[in-house]
Amino acid sequence: MPEIRKASCLICSLQCGFVVEVDQGVPVRIDFDEESPLSRGSLCARGHYNLEILLHPKRFLAATVNRRRVPWSVAVTKMAGKMDEIKKNHGADALGVIVGTELSNEDYDAAVGFATHVLGTTSIGVAYDGNDYGLLTGGGIGDATPEDLDEADCFVLIGDVFWGHPTVSKRIIEARHKSRSNQIITINPYRSNTDWFADLHIEPPAGSEPLVLAGLLRAMNVQGSPSIDIEAAAAAGGMSKVGLERIATRLRSFQKVVVVVSSRLGDSTSGYLTGLLAAKLASAAGGKYAPLFRGGNAIGAYERVSSSRTAAEILSGVADKKIKGLLVFGPDLVQLYPGAVGPEDLESLEFLAASAIFENDTSKHSDVGLPQAVWTEFSGNYTPSFGFSTSLDACVKPQGDARSVGTMVADIAAEMGVGIPAGGATATHPELAVDVDAALGKLASAPGGGLELVESIHPLHRWDGTLTGRMSFPQAQNPYCEMWLSEEAADEAGIEQGSTVAISTGRGETRLITTVTDRMPPGLVAIPSYVPDARGLMVWSLNPSTKWFEVTSSDVKVVPED
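Mapping the sequence shown onto my numbering, position 449 (from 1) lands on 483, and the numbers just tick up by one.
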């Protein structure tokens, strides 16, 4: 008889539960889990990919040395020898470790112990996507629970919450319709699917969401609120000072306000300010704060991996040739941070080892490739959004030589003759050197004009596309990559609906199919961030104040294809 085993999806921080039907050790079907604390049986399209990820014919299932398949023991011996060699010749700080955001809490503890006690390096960072790192450092992990969603009479939604994290939309919409007086207020630079359900949509320029939040705090007379001019904040939201003050007064009148932020691709200062001010707004309104992250276990990573050196700083060390050996567990750095690290940077390393579920643009350049198990193939604990924890047993055995990261580093440490201490330490994160008032003033005085790139959240794709880009359903349902352009901008450039255009920035050029839509304001172009060529149009640069990436665009041009 088939067995039914419980699992959770790690494609975003909601960690929606599902069940796997296993027949003689083989997963054959997934179904809804009505006991899942947050989703209560819901599962978005991305969540349904969990079965295909497990069974995908192109899984990376054998260790490699110089891209040739080898026994696991050979790969481990090679890694241990090179780590010892680099440590002896250049010192421990010439070694770096970068982990992804879909590992278990135990994996993070093991990776930190390996970096600290075996390698002796402080260079271990987490490869967060979007504004996850900024939101975490600015506003923390949040204090909202699933029950708070049911009890709320007002939601302030920042970003495209419903397409970024679809299963949470059901609870929010149901709570909104419990009473005619309940409201949804959205803050988003263009009209997304989330904004269709809004009673009020505030549309600031991209990256200027903190100005609106700061203005609301000032209008509510919150002690310690930023010294932003209320009129400037109101203007950023496309409204009058009186209009902003009315919203602030209205927020005070609700019994329970829940402020929800969906991480986006953009500059880290804006992400930090959004997290900081959204959390303050929730507190000022007597409500709760719910940040939603791109990384499935981004919270678990943040609570266990310190920020003495972030992944962005480690990659800067790779580019500067200060990092000689790099171990990457999970993420495809080339696709995740295009321009911040490239194949030539990875090739310049004395040694690179990378683990992955699928071979990717990082593992292709590695001296040692390690097959990484999917989260449903090993037991572990995870920390999702909304204040509950997830403890999972393995649904199936790992395929081939695939292993969890905790098992990998334990094997390497044993080969190096050093043990990893049991347990883990609480992570520390230094205060970021961000002058809030100055940063808000800079946003308020930013010049307008021209075109600017933002990402369009897609319900079928994960943010960077490294997993979902391989799945059959999005390839069948969404075979063409499209960008969104306003009707005004399309008319001005002579671009027709469905036509192919050349889109270029200071970083390069690619071609995309155009969707002309009234969703977009004239100054914005929304691109599919899950497409490497489109994602690579953005400029990724290290911000010393936030210790993370500024993701910006410059000299954007959109012209009909010749």
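Ideal placement from N, C-alpha and C gives every residue a C-beta, glycine not left out.
Using a 10 Å radius around the Cβ and a threshold of 16 neighbouring Cβ atoms, would you call residue i buried or exposed?
{"i": "Tyr162", "result": "buried"}
{"i": "Ala345", "result": "buried"}
{"i": "Ile207", "result": "exposed"}
{"i": "Gln58", "result": "exposed"}
{"i": "Leu509", "result": "In the sequence as presented, Leu is not what sits at residue 509; that position holds Gln. The residue in question, Gln509, is exposed, as its Cβ has fewer than 16 Cβ neighbours within 10 Å."}
{"i": "Tyr514", "result": "exposed"}
{"i": "Thr534", "result": "exposed"}
{"i": "Glu37", "result": "exposed"}
{"i": "Met35", "result": "exposed"}
{"i": "His492", "result": "buried"}
{"i": "Asp471", "result": "exposed"}
{"i": "Asp621", "result": "Given a span of 35 to 596 for the chain in the structure shown, any question on residue 621 remains unanswerable."}
{"i": "Asp233", "result": "exposed"}
{"i": "Val368", "result": "buried"}
{"i": "Gln260", "result": "Reading the sequence as shown, one finds Pro at residue 260 and not Gln. The residue in question, Pro260, is buried, as its Cβ has 16 or more Cβ neighbours within 10 Å."}
{"i": "Arg102", "result": "exposed"}
{"i": "Val430", "result": "buried"}
{"i": "Gly334", "result": "buried"}
{"i": "Gln49", "result": "buried"}
{"i": "Pro377", "result": "exposed"}
{"i": "Glu526", "result": "exposed"}
{"i": "Ala459", "result": "exposed"}
{"i": "Gly321", "result": "buried"}
{"i": "Gln406", "result": "buried"}
{"i": "Arg496", "result": "buried"}
{"i": "Trp574", "result": "buried"}
{"i": "Arg553", "result": "buried"}
{"i": "Ser588", "result": "exposed"}
Can you tell me the Cβ-Cβ gap for residue i and residue j, rounded? I've got them flagged as a contact below 8 Å.
{"i": "Ile262", "j": "Ala478", "result": "7 Å"}
{"i": "Arg225", "j": "His211", "result": "Contact doesn't hold; Cβ gap of about 21 Å is too wide."}
{"i": "Thr548", "j": "Ile529", "result": "6 Å"}
{"i": "Phe422", "j": "Pro71", "result": "5 Å"}
{"i": "Gly300", "j": "Gly241", "result": "5 Å"}
{"i": "Ala316", "j": "Met254", "result": "Not quite, the Cβ-Cβ distance comes to about 12 Å (not below 8 Å), so this is no contact."}
{"i": "Asn331", "j": "Thr135", "result": "6 Å"}
{"i": "Arg252", "j": "Ser297", "result": "Contact doesn't hold; Cβ gap of about 25 Å is too wide."}
{"i": "Gly373", "j": "Arg541", "result": "6 Å"}
Would you give the residue range spanned by the alpha helix (DSSP H) that residue i belongs to?
{"i": "Asn577", "result": "First-last for Asn577: 573-577, but that is the beta strand (DSSP E), not the alpha helix (DSSP H)."}
{"i": "Ser350", "result": "345-353"}
{"i": "Val470", "result": "470-478"}
{"i": "Asn139", "result": "139-147"}
{"i": "Ala269", "result": "264-270"}
{"i": "Asn123", "result": "106-124"}
{"i": "Thr502", "result": "Run containing Thr502: none; DSSP gives neither H nor E here."}
{"i": "Gly306", "result": "It is Tyr, not Gly, that sits at residue 306 in the sequence shown. From DSSP, the alpha helix (DSSP H) with Tyr306 extends over 302-318."}
Closest to residue i by CA distance: which of the options is it?
{"i": "Val593", "options": "Lys581, Tyr564, Glu543, Pro578", "result": "Glu543"}
{"i": "Pro91", "options": "Ile391, Leu386, Leu245, Ser350", "result": "Ile391"}
{"i": "Leu311", "options": "Ala324, Gly300, Leu299", "result": "Ala324"}
{"i": "Glu584", "options": "Val195, Thr303, Cys43, Gly147", "result": "Thr303"}
{"i": "Ile218", "options": "Ser588, Leu245, Gly168, Lys290", "result": "Lys290"}
{"i": "Asp395", "options": "Asp498, Glu411, Leu326, Asp229", "result": "Asp498"}
{"i": "Ala149", "options": "Asp118, Ala178, Gly174", "result": "Asp118"}
{"i": "Ala214", "options": "Gly484, Pro556, Ala186", "result": "Residue identity check: residue 214 is Arg in the sequence provided, not Ala. Out of Gly484, Pro556, Ala186, Ala186 has the C-alpha closest to the C-alpha of Arg214."}
{"i": "Lys314", "options": "Phe412, Asp301, Val294, Gly330", "result": "Val294"}
{"i": "Thr580", "options": "Leu546, Leu487, Leu466", "result": "Leu466"}
{"i": "Gly115", "options": "Met254, His151, Val402", "result": "Val402"}
{"i": "Glu381", "options": "Ala480, Ser400, Trp582, Gly532", "result": "Ser400"}
{"i": "Val62", "options": "Glu86, Cys78, Arg80", "result": "Glu86"}
{"i": "Met113", "options": "Val565, Thr586, Ile446, Leu474", "result": "Ile446"}
{"i": "Leu370", "options": "Ser587, Ala248, Val565", "result": "Val565"}
{"i": "Thr551", "options": "Asn577, Thr539, Gly557, Ser520", "result": "Ser520"}
{"i": "Ala266", "options": "Gly249, Val468, Asn512", "result": "Gly249"}
Tell me where the beta strand (DSSP E) around residue i begins and ends.
{"i": "Tyr83", "result": "Element bounds for Tyr83: not the beta strand (DSSP E) but the alpha helix (DSSP H), 83-89."}
{"i": "Trp10", "result": "Residue numbering for the chain in the displayed model covers 35 to 596; residue 10 lies beyond these limits and cannot be assessed."}
{"i": "Glu378", "result": "Where Glu378 is concerned, there is no enclosing beta strand (DSSP E), although the alpha helix (DSSP H) it sits in stretches over 377-382."}
{"i": "Ala390", "result": "385-390"}
{"i": "Pro325", "result": "322-326"}
{"i": "Phe52", "result": "51-57"}
{"i": "Ile218", "result": "217-221"}
Count the C-beta pairs between the segment 570-577 and the segment 499-508 that are closer than 8 Å, then say yes if the count reaches three, no if not. no
Could you say if the segment 353-369 and the segment 46-62 meet the contact criterion of at least three C-beta pairs nearer than 8 Å? no
Is the segment 213-223 in contact with the segment 196-204, if contact means three or more CB pairs nearer than 8 Å? no
Please determine if the segment 438-454 and the segment 139-152 are in contact, where contact requires at least 3 C-beta pairs separated by less than 8 Å. yes
State whether the segment 355-369 contacts the segment 120-131, with contact taken as three or more CB pairs (one from each stretch) at a distance under 8 Å. yes
Indicate whether the contact test is met: 3 or more Cβ pairs, each with one atom in the segment 185-195 and one in the segment 65-73, closer than 8 Å. no
Check whether the segment 166-186 touches the segment 273-284, counting contact only when three or more Cβ pairs, one atom from each stretch, lie closer than 8 Å. no
Take every Cβ of the segment 401-416, pair it with every Cβ of the segment 38-48, and state whether three or more of those distances are shorter than 8 Å. yes
Three or more C-beta pairs under 8 Å: does that hold for the segment 420-430 against the segment 394-410? yes
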